[in-house]
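One structure is given here, and the rest of the page talks about it.
Numbering (my numbering), first residue to last: 46 to 122.
In structure tokens form, the structure reads like this:
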């Protein structure tokens, strides 16, 4: 039996989600910061759509740390 050396949930795709104190998720008002635990990169988002867009962009991004994202007004990768 050969074990698959690739994990189902790689640490490069682990995040910390911080909701802004003024966010009201029950009303659909979501804002905050998402931080990639492996790279330390983070970005601010002001809507669920921005959050999803940034997650998708991060999943598709190369491992180049210099790549810049435009997910939100203060986004940085």
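Ideal placement from N, C-alpha and C gives every residue a C-beta, glycine not left out.
Determine the direct distance from the alpha carbon of residue 94 to that of residue 122, and round the result to whole angstroms.
At residue 122 the pLDDT is 42, less than 50, meaning the model places this residue with poor confidence; the figure from the coordinates comes in the next sentence. One C-alpha to the other measures close to 18 angstroms.
Need the endpoints of the alpha helix (DSSP H) that residue 103 sits in, please.
Segment 93-105, the alpha helix (DSSP H) holding residue 103.
Using 9 angstroms as the limit for Cβ to Cβ distance, is residue 87 near chain D?
Included in the structure is just one protein chain, with no chain D present.
In the DSSP assignment, what are the bridge partners of residue 80?
Beta-bridge pairing links residue 80 to 61, 87.
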